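Encoded as structure tokens, the structure appears first; notes follow it.
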Amino acid sequence: MTTQHAPAHSRDGLRIQQIADRFEVYNTNGEFFGTYLVRTAAEKRVALLAQRAGHPVLGSR
Numbered sequence: 059m060t061t062q063h064a065p066a067h068s069r070d071g072l073r074i075q076q077i078a079d080r081f082e083v084y085n086t087n088g089e090f091f092g093t094y095l096v097r098t099a100a101e102k103r104v105a106l107l108a109q110r111a112g113h114p115v116l117g118s119r
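Residue numbering for the sequence shown follows my numbering, starting at 59 and increasing by one per position.
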């Protein structure tokens, strides 16, 4: 199984981790926020979580 870590676009440490054919979203404490089959869906979730936390995300409206 292949695992890749890709930094998220938020300052609060949210990250997207690719495991085989899916993408999982975690925070720096390892709290799980969801599994997505498409990376853009995971990126949208990261943007939403960062926005709710009051952290602006580059490229978001």
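Think of the CB as a built atom: it goes at the ideal place given N, C-alpha and C, for glycine as much as any other residue.
Since we're looking at a predicted model, the values are computed, not measured.
| message | I'd like to confirm something about ASN87: is its beta-carbon nearer than 7 Å to some heavy atom of the ligand NAP, or not? | response | With respect to small molecules bound, the structure shown includes none, and the ligand NAP cannot be examined in it.
| request: Look at the alpha carbon of GLY71 and the alpha carbon of LEU95, and state the distance between them as a whole number of angstroms. | output: 21 Å
| request: Report buried or exposed for GLU101, applying the criterion of at least 16 other Cβ atoms within 10 angstroms of its Cβ. | output: buried
| field | Exposure label - ALA108; buried when at least 16 CB within 10 Å | value | buried
| task | Report the option in ASN85, THR86 and PHE81 whose CA atom is closest to the CA atom of ALA99. | result | PHE81
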